[in-house]
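Protein chains in written order, with full-length UniProt numbering: chain C, 1 to 461; chain D, 1 to 461; chain Z, 1 to 461; chain Y, 1 to 186; chain R, 1 to 186; chain H, 1 to 186. For glycine and all other residues, C-beta sits at the position ideal for the given N, C-alpha and C. Comments concern the structure below.
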Amino acid sequence: MSANTERKLADGSTISDLIDLERREVQLRTLADREIYEIEQDKIFGKTWLLLGHESEIPDDGNFIQRFMGDDSVIVARHKGEVFVSLNVCPHRGMKITTQDAGSTSIHKCIYHGWAFRSNGEFLGSPVADQCMHGKIRGKDELGLQQARVTLYGGLIFATWNIDGPSFEDFLGDAKWYYDMLFCRSDGGMVVAGPPQRFVVRANWKAAGEQSAADGFHTLMLHRWLGEVGNYKKDDGESGDLTPEMFGAEVSSPHGHALRCIDLNRKIRRLTGKDPEELSVEEKLRVLPPPGMTADAFTQLKKNLSPEQLEAMAWMPPQVGGMFPNVLFGFVYIPQADGSVVGSMTLHAYVPKGPDKLEFINWIFVEKDTPPELREKMVMQTIQLFGTSGMVEQDDSDTWPHMTLTAKGPQGRHSTMKYQAIYETGKPEGWPGPGIVNEGFTKDDTQWHWWKYWHALMTAE
Amino acid sequence: MSANTERKLADGSTISDLIDLERREVQLRTLADREIYEIEQDKIFGKTWLLLGHESEIPDDGNFIQRFMGDDSVIVARHKGEVFVSLNVCPHRGMKITTQDAGSTSIHKCIYHGWAFRSNGEFLGSPVADQCMHGKIRGKDELGLQQARVTLYGGLIFATWNIDGPSFEDFLGDAKWYYDMLFCRSDGGMVVAGPPQRFVVRANWKAAGEQSAADGFHTLMLHRWLGEVGNYKKDDGESGDLTPEMFGAEVSSPHGHALRCIDLNRKIRRLTGKDPEELSVEEKLRVLPPPGMTADAFTQLKKNLSPEQLEAMAWMPPQVGGMFPNVLFGFVYIPQADGSVVGSMTLHAYVPKGPDKLEFINWIFVEKDTPPELREKMVMQTIQLFGTSGMVEQDDSDTWPHMTLTAKGPQGRHSTMKYQAIYETGKPEGWPGPGIVNEGFTKDDTQWHWWKYWHALMTAE
Amino acid sequence: MSANTERKLADGSTISDLIDLERREVQLRTLADREIYEIEQDKIFGKTWLLLGHESEIPDDGNFIQRFMGDDSVIVARHKGEVFVSLNVCPHRGMKITTQDAGSTSIHKCIYHGWAFRSNGEFLGSPVADQCMHGKIRGKDELGLQQARVTLYGGLIFATWNIDGPSFEDFLGDAKWYYDMLFCRSDGGMVVAGPPQRFVVRANWKAAGEQSAADGFHTLMLHRWLGEVGNYKKDDGESGDLTPEMFGAEVSSPHGHALRCIDLNRKIRRLTGKDPEELSVEEKLRVLPPPGMTADAFTQLKKNLSPEQLEAMAWMPPQVGGMFPNVLFGFVYIPQADGSVVGSMTLHAYVPKGPDKLEFINWIFVEKDTPPELREKMVMQTIQLFGTSGMVEQDDSDTWPHMTLTAKGPQGRHSTMKYQAIYETGKPEGWPGPGIVNEGFTKDDTQWHWWKYWHALMTAE
Amino acid sequence: MTTANEPVNFFEQCADEIAIGSDVYNQALGFYYAEARMLDNLRYMDWVETLTQDIKYNVPLRQTRLVKDNEASIIYSMRHMHEDYRSLMGRALRLSGNSAWAEDPASRTKRFVSNVQVFETATPGEYAALSYLLITRNRFDDDHFDLIPCERRDILRLQDGVLKLAQRDIILDQVLLGTPNLAIFL
Amino acid sequence: MTTANEPVNFFEQCADEIAIGSDVYNQALGFYYAEARMLDNLRYMDWVETLTQDIKYNVPLRQTRLVKDNEASIIYSMRHMHEDYRSLMGRALRLSGNSAWAEDPASRTKRFVSNVQVFETATPGEYAALSYLLITRNRFDDDHFDLIPCERRDILRLQDGVLKLAQRDIILDQVLLGTPNLAIFL
Amino acid sequence: MTTANEPVNFFEQCADEIAIGSDVYNQALGFYYAEARMLDNLRYMDWVETLTQDIKYNVPLRQTRLVKDNEASIIYSMRHMHEDYRSLMGRALRLSGNSAWAEDPASRTKRFVSNVQVFETATPGEYAALSYLLITRNRFDDDHFDLIPCERRDILRLQDGVLKLAQRDIILDQVLLGTPNLAIFL
Ligand code: FES
Ligand code: FES
Ligand code: FES
Ligand SMILES: [Fe+3]
Ligand SMILES: [Fe+3]
Ligand SMILES: [Fe+3]
């Protein structure tokens, strides 16, 4: 849509004015502007598929959790085996139907006037039946809780208000081929270690969102402690160089999804002493199985994934990346002091809480049949590196707020975020996977595609 | 006025777009929108009569209290016996004239540059008289404190900025006939027990305002503890049913005022063992005198009220209700463990403090000549059930904030509050009172009339 | 510019509608309105010269301090002897370049992705050089930190974003002749005692700004404790009258600058017993040298100032006043219990932090060669009267918030600040100085000129 | 106003101060720490056990007044709470029921006790205790805390060797209470 | 959920309460005051010295639940921190390095300790200690403070006459943590 | 900057720590509790009575600096308060007058004292005392509180058997003070 028919912001500019498509620059103002935030609530969070949790959080009928879709609270509940997502707003006078984070009940009763609803949102009735306090203007079928459209993928619960919009499959597009390697590889599937960590960061959700689109570059500086005193410190105690870790292949998506696939060979060499070139796909995946899986799980991989996917997994498996608009995943191998490797599986959602606040939600996963000792190791390791107290992500949550502050300055708001490090490589030779793929050291393309999709949605009718 | 000439909100919609007059629905957005809040400051709080207190709070000349009319602080002071309401803003540079909640002084001196004013707002002069620091452009008569229009009713102090608008009598309309039974029934009149309780609730003022228009329905669910473990628990310890308490007659007003009149017979039967049908009006009112009054006060009632009013009082006296826009009254009979009844007289004002905050002001009253022991009982009973720590109203002040939160969600804001439980009864047979009156179990009409008047004022020129 | 072509505020009014140029009145709304605040960020803080500190705060190369220009954080650093002011926003993704208040470094490295900059803002490069992570779309010369235009005046650091606008000299205009007496009188020049005090006041910056334009009148009432129990208490313990202190001459400026010059004779008479009329300029300035200077410093004054300036200094030296938009200076003589006088030199900046918040920055100065004992006395005395805990300015910082609150009321916002005490005197007979000067008791002209310049800037293209 | 502003007779009751570190003093500390944990852990009926049958429990209002009228800044003619044993028991019962929505889900609170001073009174076995209390209160997913700093003026009475609360006046520091209700005990 | 919600065995370990004012009690106070100053003054490696090699250190999650499900409001299946000696040492090392940006520049904090209660345990020389902690945290030029009120459930062990921290569970009062990270120790 | 940043000589003065629970320690607690109540109850002239004639009273500035420059985060070359007996008396007199508007109407404050540690000094009868102070401050009808958490580094001197304040350095935790003035004593 052309900028001149676009909705004008208070100062007369349009969303398109804030993005320079030629030079791949975005004005900082996007990270602090309240008007833009309000538009996003409709055009981004009202239109795309949003991650709300995992079905292992609500295993039984009646189980429910309270989550957020943009600024709307929703009830995620299991009813007759199925998962339903209902707007947590009473159709009578707007009271919250539940004020609990989680629970189990067959009937949700609003505490204000007592209207009752099933776990699937159906209106059951109001007290003092003979007085028909819900009136006669609307039928009972019109008085249920507003329902979102729901999809389960690898047990993950996604929902959208865009009832007639694209399917979740279409939304993922080519990226699905890669996500399958993470979420759909095992027979038992992933399960959450527990409810997610939740904390508030005084930053615009996009400061975290644009980074989640595979910003590998920042690791070298912001997380350099990993090499200095952390898991990538050299055995001789010398500082380790993180640069090699940033080589691999990056998958971009026209829908803003992103994955960084990192070469396993170094790790395999270190673990086996053998030359990875001489190992078969199966051998590699038995030596270094995916996070949370054991050697003998290879049969599962073989069953659930295509040979091409297996090949990619043994070569450069996706390890970090994001899902538009506000999801980050990290499925990584963490080197241990004893030379071994412990896997870590985590998903984050960055829920907007106003132009300068976000809620950081961190789920930690294990495979359903990960052995107890390994599972404990994985969870501890993950808690120690990511999320609330994570030594890696502490630095991120302390950085985003500064970007949100600078975005408020009358000069700063016109300063731009730049995405000008551009791949010139293309797919690795013989790469089996689909999509926009580039080889080599991390670049800005994935993040730029993230902004392009943001712009497309924000300027769509 | 037609919506298309109405002021447009930022997103292009009008106030009228938010109300469905056909279906009796109001969009939740009205409970959280800052633009709407700003308009209300002029069109509601700049135009209607507002409750500021009771003259017993400022018995003597020079006594003053600081109160709020919308977001404006005002000084309510007694001067030569009369009550004056002055804008608490210095005409010189806008400093507050008083920063105290209450006090007594013949001259208010601004602490910034020392301009001095009488209790009636008259400008007295500025320091260093020979330098005439208030200049010569405006005469002294132009430099007084802005005066609001004031009315006393039953000792209650009402004021408005609408200098040439309707009189307080016209504003009350038919409802006055009923309010008289509460505020003008005794010779000595009501007096405050003390200054009002004041506390902040993180909710839009209308969440409380619309409820004050006689929402009886919520009592059954939100306040059901009253039956379970409270004053309406059965003698045998069984849970009591509150439903019968919700039968009576409700008085609506085209100006958004509302009163719920509740049948006294059950209470009388319980107290006297006699069949109320066999009791005269006088007998009934001597057995169960109005809150704060004693049996022998009947002569006062007879003197101050019409026979029709007496009849109504002995049949279904008004017990709870509101006065547009932000006043709630509760003049109730509270059953005691010993089977007796203690009255309670309270008035609330819900002062707006921004789109998502209100100040809850709670005055507790007694009759001037209520005997000390009774008075102490009434005040304690009232404090324990209403206001800051009131076991009934705790639940209200914890509910309204949730409605204000849901109103902010991009989906929630379009969800509607519904007023579709409609009376089909009309006046009780032989009802002596005027106005729109309906008999039976509480319904939504009074609240809907509240919203209709809100809409009329908000869309008026 | 005519109001009808002016930008309209949300409610349709213009900036010009808020000022009555005829009657010298300004609507209170200007002290609380968010829209006006946003416009000021561009039209005032984006256009005028702003005080950031003193070069004695960053004596050596590499030294830097973080300060604010409006809502923008900037780095004030010394590079090869020169002072540079750089926007503290990384050109890469908007992270703050420094998060420190002060420090010393030759290279500023952004902690997010490691881009590096010189103290003068030049871009040095990004990590992993061979990957050219800053891309090829922009040259290195385009990737430096945004530079502000800088001027040093008496060692004070001023900067502006108005690169092609008026010079600092033109900005000061006639007022410079007077400021020179304060800032450019000594050979060694002023130095800061230390970093500035910083604290937040919940008030609009203009509540402090308009007062800084030489509001002498408020001293009599708001600071009357000075006479009652403070430094101006009479020796016999009686309350002292502050009125005489308010006589002198006031210098206005079409650019909103202001100075109050106060008669020295009383003080000299008190100190010397002699009739000041019989003393020469030199004798006077030796008896009562300027704050922080000693008798023998007269030779310096003679060298650095013109005879006319010396004459003014010995007659009615500037003692308090402001510099548009947000600077206050106080160069005063404080009477001591022992009859002596101790000087005090302080500068404040009132940095906007939103429509209802300001940051009060207080620098205390001494002369470079003030003797240690005197210096200690001056600093203690100044801390005790001005700034955070200053017994004088405590009362100011507790007053401005009330004005900001009243400015939010629907009635209060239309109430006006009045500047109607007008000089009818003109220059003192034989006054040697330039500019708009009036003699006598303090009036409102200087503050009115402050508002006129605010209006001119706010309505300029 | 019609009710005389009841005099605060608390300080008249304070005789000699009991030494910090003495047994009685330490017993009082123990009383307050145990009480804080009962209330922070929703053990309301246990708390009622620590009250005497004749307890007087008050939360007077505050008003902003000039320093010269400072004593008028504490208002007893009207109160936020005005309780006796029956009413406190009633509140505890309500909170222990199924429909006390204002505290169900319950606030997460901490009651930080400090500045404890204990005094003898004219009555043997009764002590006057002054203490400061800071309550932090969090509900639902608020990312802030409501703060309730206050001074407590208590009469503690020894009954069968155990201290019980016989009187409590809670002096708040806000005229406009910032927490939306007093559904919790102070 | 797949992990059972680990039972809180702390209170089972609490035997007789140790008298306030007794030596052990005062030693515990001393331990907490000294610890607060080490942490508030960034002396992380000194702090690690006060831990036992087998320390268990946990910050469980909280959830808003109905009063009847109150025990479910403390979540151990997932935690904000889940530490052993190695990991705490690792955190201290990171903070002592040059690139722990989350705390460099460091937060300015104060750890207000109060409501300390100490109990015997089945193990001689090991004590169970309950305490309240209020942390005020300020960063950069924030004009507000992040508040972290919490209860600490500790096991203190006497080693060569010195108390060391052998176990700590920190019970927070927020389900949605209001401070942007736990880069500091509680 | 021209003034050298005065060294903090406080810790050099701290000799052996005095046992928690000892008489001197308890006396110090008593001093702080009594002081808190004087100041919270506007008894300024009484407070001045508790100061020695040679008192030094300082509130240094803070700055945000890197951990490696941490000692530079406390600034003495410029201070928020820099007082001696005369100036403190002057402030008390002003507050006791009729026109100290910044505190009339007065703030409602509570001074929560905790983490008290006491040390011997080289001078008999003089003790070095470290303590944490949390001040909650409320004015007019604010629904929030200004918080002032700080560490106090005091020298207490026994004069005729009573402890008096001979030196106080107050270390604040904000570089940008969040309360609009220091019209109150810390
Ligand atoms: S709001 Fe839910 S039943 Fe009325
Ligand atoms: S503002 Fe009131 S006298 Fe100036
Ligand atoms: S934001 Fe500064 S280097 Fe990327
Ligand atoms: Fe990161
Ligand atoms: Fe109610
Ligand atoms: Fe002033």
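Of the heavy atoms belonging to ligand 2, none sits nearer than 6 angstroms to the Cβ of R168(Y). Counting of Cβ neighbours within 10 angstroms places I171(R) among the buried residues, the total reaching 16 or more. When rounded, the separation of the alpha-carbon atoms in Y76(H) and V83(Z) is 25 angstroms. DSSP places Y232(Z) outside both helix and strand once states are collapsed to three, so it counts as coil. By the C-beta density criterion, D54(Y) is exposed, having fewer than 16 other C-beta atoms within 10 angstroms.
At a cut-off of 6 angstroms, the beta-carbon of D396(D) counts as near ligand 5: some heavy atom of the ligand is closer than that. At least one CB of chain Z lies nearer than 7 angstroms to the CB of P105(R). Per DSSP, the unbroken beta strand (DSSP E) holding H108(Z) starts and ends at I107 to K109. Q381(C) does not reach chain Y, its nearest Cβ partner there being about 27 angstroms away, counting only Cβ pairs nearer than 7 angstroms.
In this structure D141(C) is exposed. Its beta-carbon is surrounded by fewer than 16 other beta-carbon atoms within 10 angstroms.
A distance filter of 5 angstroms between CB atoms and the heavy atoms of ligand 3 selects the following residues in sequence order: C90(Z), H92(Z), R93(Z), M95(Z), C110(Z), Y112(Z), H113(Z) and W115(Z). Near chain R, meaning a CB-to-CB distance below 7 angstroms, the residues of the UniProt domain "Rieske" (50 to 159) of chain Z are T99, Q100 and I111. The beta carbons of S13(Z) and T459(Z) sit no closer together than 7 angstroms. Just so you know, the alpha carbons of R375(D) and Q174(R) end up roughly 43 angstroms apart.
When DSSP states are grouped into helix, strand and coil, W115(Z) belongs to the coil group.
If you look at M221(D), you'll find it in the alpha helix (DSSP H) that goes F217 to L222. Chain H places no beta carbon closer than 7 angstroms to that of D170(Z), leaving this residue out of the contacts. Per DSSP, D143(Y) lies in no beta strand (DSSP E) segment and is marked neither H nor E.
Cβ neighbours of F365(Z) within its own chain (closer than 8 angstroms, five residues either side excluded): H54, M190, V191, V192, A193, G292, M345, T346 and L347. F68(Z): member of the beta strand (DSSP E) spanning N63 to M69, first to last residue. In the same chain as G321(D), and ignoring 5 residues on each side of it, the C-beta atoms closer than 7 angstroms to its own belong to A214, A258, L259, R260 and F329, in chain order. Each residue's CA atom was taken as its position, placing Q100(D) and T64(Y) some 5 angstroms apart. Around the C-beta of T404(C), 16 or more other C-beta atoms lie within 10 Å, and the residue is accordingly described as buried. Contact between M181(D) and G248(D) does not hold, since the beta-carbon distance rounds to 14 angstroms and is not under 8 angstroms.
By the neighbour-count criterion, in which 16 or more other beta carbons inside 10 Å mark a residue as buried, E57(C) falls on the buried side. For a cut-off of 8 angstroms, the C-beta gap from D141(H) to L182(Y) is around 17 angstroms, too long to register as a contact.
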